[in-house]
């Protein structure tokens with residue numbers, strides 16, 4: 002039996018209030034270290050340094066950050082507590098700009114902050130909301146997996162980029178949720194794992210997850226994928242998303258766009274798997290999605306793993322964390338509410354109405 | 002004034018015979034160490050370990066290996082010397098399979114081995130032939146540069162992949178020869194340098210060369226190139242080649258094919274710069290080009306720069322050193338004899354006849 006994956010994150014009671022227990026993903030696959038975070042600055046640091054990453058997971062972590070802060074606050078009045086929590090929400094929202102799930106989760110927490118009749122009740126409600134966000138996320142991923150598996154043919158050789166797995170969510174994963182579900186149905190012959198420069202989330206995290214699950218996989222450098230497609234070695238690509246505009250344009254880990262272009266050139270489907278919390282209905286298209294620029298040392302020092310610089314001192318380096326794949330290159334978007342295809346404005350709009358209807 | 006580049010290689014007289022002085026490219030950009038090689042096994046090791054790399058440069062190094070061996074041989078008869086040299090040629094030819102320039106240069110040396118009336122005369126002829134191969138290579142690169150520069154527009158933002166520079170040749174470079182010549186004409190606004198996983202020849206070598214020349218450049222991860230194209234930041238791509246089939250299919254560093262697909266998608270020209278010694282007229286198309294598979298530790302340990310493995314132990318890794326770009330994605334091939342365009346069978350065939358005519 003393969004060893005089970007440690008949880009991505011857990012919100013647990015401890016002395017003095019709640020603790021966010023977080024698997025430090027920067028140390029994987031070599032070390033499984035669990036951090037115990039008890040302050041908002043600690044949670045912000047963990048998000049900014051990618052100790053926790055993946056759009057759904059950072060949403061969950063940020064929600065937990067608010068709950069932890071509430072549970073450990075010294076505030077005795079509701080007003081004081083609310084002020085502290087609004088500051089916490091502002092700080093958490095400023096950690097990373099691209100993944101919209103962060104803002105979505107913080108909005109859910111902010112709505113709770115406005116409720117409650119006393120401090121204890123508000124704290125309890127916030128802990129409960131954060132736990133619900135975590136539980137919902139796993140549930141959504143399982144549904145994404147079930148819907149997505151219907152798209153995967155028997156004997157599939159699937160390419161994936163970055164990590165959109167259990168580690169990028171509260172569990173099970175989005176793109177890897179589809180792959181897990183297809184594997185449970187005996188459909189997966191091979192997963193090609195793009196190593197995903199600069200921070201190597203494919204090599205470090207996706208390979209680690211797939212190995213634990215016993216799903217056959219092979220790591221490649223990102224620049225090998227197109228050639229594998231030309232040789233007929235790939236049947237489809239499945240990736241996650243950090244933000245999806247109303248028209249179906251997809252921001253995801255840098256390199257996703259190149260995969261999309263190569264898929265189109267070879268007549269292969271590209272599937273994007275993400276919960277509806279990743280859809281930003283306020284953005285008409287992908288051009289308005291803010292793209293995070295990260296420290297160039299991630300490139301120069303090889304994900305901080307090489308002491309030596311691989312780029313000569315003084316040479317410019319460009320390091321955007323994400324790119325935008327236009328909707329026309331996306332074969333389908335797999336959500337917890339089902340699989341949608343172009344035109345995405347209509348299809349995603351319909352899902353939104355259904356969701357509103359289900360809640361209303 | 003920028004500091005001049007050290008020579009890629011030099012064949013120089015020394016005590017006991019000739020020495021191949023070789024800049025150890027595995028240590029760049031952090032250290033400029035010059036190796037002094039005096040045996041065939043040393044030269045083979047240097048080629049196999051990529052201390053010298055790039056199709057034209059390994060041809061030159063192999064030719065020098067034969068000359069060094071001849072100059073230091075203890076053989077007193079022509080027959081004994083010839084036997085030693087045939088063994089040297091066999092060993093040098095077995096170092097790397099893809100770049101055809103290696104075999105082309107060794108064929109030139111083999112033809113000399115058959116001539117000569119005594120040992121001293123044969124040694125002198127082999128040294129002279131190796132020096133001629135080096136001098137010819139620089140000359141060819143300068144002509145490639147002149148022809149190629151005519152294709153580059155003013156203010157060009159040029160993408161290049163791997164290193165097809167002075168370091169990949171006896172000097173000046175093929176793809177970087179085109180960029181150098183265009184820069185001398187004031188045409189180059191920016192060179193986007195693909196870092197080129199797994200061994201990072203772009204980040205380590207191309208950036209080092211361009212910086213020394215004062216040519217503006219920015220290093221990117223390979224997976225960022227397509228997105229730069231989508232943003233309108235690239236005007237053309239210029240790459241080298243390790244072998245070109247008679248129909249114009251091009252084997253070059255892994256990732257070139259992905260660049261070619263992205264160029265086509267964005268309507269950008271892809272130029273391949275290479276001496277005619279890179280054309281293998283015996284191969285009808287690229288399918289028959291042998292593709293070297295290299296040690297997976299290049300991927301797992303990040304070009305040997307990370308002590309830690311970035312892929313979990315036991316997970317499969319695929320590491321082809323080259324890919325094949327079909328002729329239909331190649332806008333033009335720039336050779337020392339001029340720029341040729343499709344249909345390449347005819348165009349390359351005509352150059353071959355011209356060359357034969359010029360020699361005859």
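Chains as they are written, first to last, in the numbering used here: chain A, 2 to 361; chain B, 2 to 361.
We put the CB at the ideal spot given by N, CA and C, even for glycine.
### Task
Measure the alpha-carbon distance for residue 128 of chain B versus residue 109 of chain B and round it to whole angstroms.
12 angstroms
### Task
Give the DSSP bridge partners of residue 158 of chain A, in chain order.
A:191
### Query
When the cut-off is 8 angstroms and only beta carbons count, does residue 266 of chain B lie next to chain E?
The structure shown contains no chain E; its protein chains are A and B.
### Partner residues on chain B for residue 324 of chain A, Cβ-Cβ distance less than 8 angstroms
225, 227, 228, 231
### Residue interval of the beta strand (DSSP E) (run including residue 257 of chain A)
In the DSSP assignment, residue 257 of chain A falls outside any beta strand (DSSP E) and lies within the alpha helix (DSSP H) extending over 257-266.
### Query
Does the region 39-50 of chain B come close enough to the region 314-333 of chain A to have 3 or more Cβ pairs within less than 8 angstroms?
no
### Query
DSSP three-state call for residue 311 of chain B: helix, strand or coil?
coil
### Query
What are the boundary residues of the alpha helix (DSSP H) that includes residue 49 of chain A?
41-49
#### Entry: residue 11 of chain A, DSSP secondary structure in three states
strand
### Task
Could you tell me which chain B residues have their CB closer than 7 angstroms to the CB of residue 315 of chain A, listed as they occur along the chain?
Neighbours of residue 315 of chain A in chain B, taken as residues at a C-beta separation under 7 angstroms, are given in chain order as 212.
### Query
Cα separation between residue 218 of chain B and residue 293 of chain A?
22 angstroms
### Message
Across the region 279-291 of chain A and the region 165-176 of chain B, are there enough close Cβ pairs to call them in contact, namely three or more that are closer than 8 angstroms?
### Response
no
### Reference residue 160 of chain A; option with closest CA among A:192, A:55, A:142
A:192
### Message
At the 8 angstroms Cβ level, is residue 199 of chain B part of the contact set with chain A, yes or no?
### Response
Cβ-Cβ to chain A under 8 angstroms: yes for residue 199 of chain B.
### Query
So the alpha helix (DSSP H) residue 300 of chain A belongs to, where does it begin and stop?
298-301
### Task
Determine the burial state of residue 31 of chain A: buried for a count of at least 16 other Cβ atoms within 10 Å of its Cβ, exposed for fewer.
exposed
### Query
Can a CB atom of chain A be found closer than 8 angstroms to the CB of residue 219 of chain B?
Closer than 8 angstroms: yes.
### Task
Can you tell me the Cβ-Cβ gap for residue 205 of chain B and residue 300 of chain A, rounded? I've got them flagged as a contact below 8 angstroms.
So it is not a contact: roughly 12 angstroms between Cβ atoms.
### Task
With 9 angstroms as the limit, tell me which residues of the region 255-279 of chain B have their beta carbon closer than that to any beta carbon of chain A; keep them in chain order.
255, 256, 257, 258, 259, 260, 261, 262, 263, 265, 266, 267
### Message
Which residue wins for smallest C-alpha separation from residue 44 of chain A, given the options A:335, A:24, A:141?
### Response
Of A:335, A:24, A:141, the residue nearest in Cα terms is A:24.
### Task
Report yes or no: is there a C-beta of chain A within less than 8 angstroms of the C-beta of residue 205 of chain B?
By this cut-off, residue 205 of chain B is an interface position.
#### Entry: Under 8 angstroms between C-beta atoms of residue 56 of chain B and residue 241 of chain B
yes
### Query
What span of residues does the beta strand (DSSP E) with residue 236 of chain B cover, start to end?
Per DSSP, residue 236 of chain B belongs to no beta strand (DSSP E) and is neither H nor E.
### Query
Where does residue 287 of chain A sit, in a helix, a strand or coil, going by DSSP?
helix
### Query
Relative to chain B, which residues along the region 25-36 of chain A have a C-beta separation below 9 angstroms, given in chain order?
29, 30, 31
### Query
For residue 195 of chain B, is the classification buried or exposed, using 16 other Cβ atoms within 10 angstroms of its Cβ as the cut-off for buried?
buried
### Among A:64, A:83, A:235, A:26, the one whose alpha carbon lies nearest that of residue 50 of chain A
A:26
### Query
Does residue 237 of chain B have its Cβ less than 8 angstroms from a Cβ in chain A?
no
### Message
On the DSSP letters alone, give me the boundaries of the alpha helix (DSSP H) that residue 214 of chain A sits inside.
### Response
208-214
### Query
Does residue 309 of chain A get closer than 8 angstroms to chain B when you measure Cβ to Cβ?
yes
### Inter-residue Cα distance where the pair is residue 107 of chain A and residue 130 of chain A
11 angstroms
#### Entry: Residues that residue 196 of chain A contacts on chain B, provided the C-beta gap is smaller than 8 angstroms
198, 300, 311, 312
### Query
In terms of residue numbering, what span does the alpha helix (DSSP H) encompassing residue 179 of chain B cover?
176-185
### Query
So the beta strand (DSSP E) residue 146 of chain B belongs to, where does it begin and stop?
That residue, residue 146 of chain B, is in no beta strand (DSSP E); its alpha helix (DSSP H) goes 120-150.
### Task
Whole angstroms is fine: what's the gap from residue 362 of chain A's alpha carbon to residue 87 of chain A's?
Absent from the model: residue 362 of chain A. The displayed extent of chain A is 2 to 361, so no value can be given.
### Query
If you count every other CB in all the chains shown that lies within 10 Å of the CB of residue 278 of chain B, and 16 or more means buried, which is it?
buried
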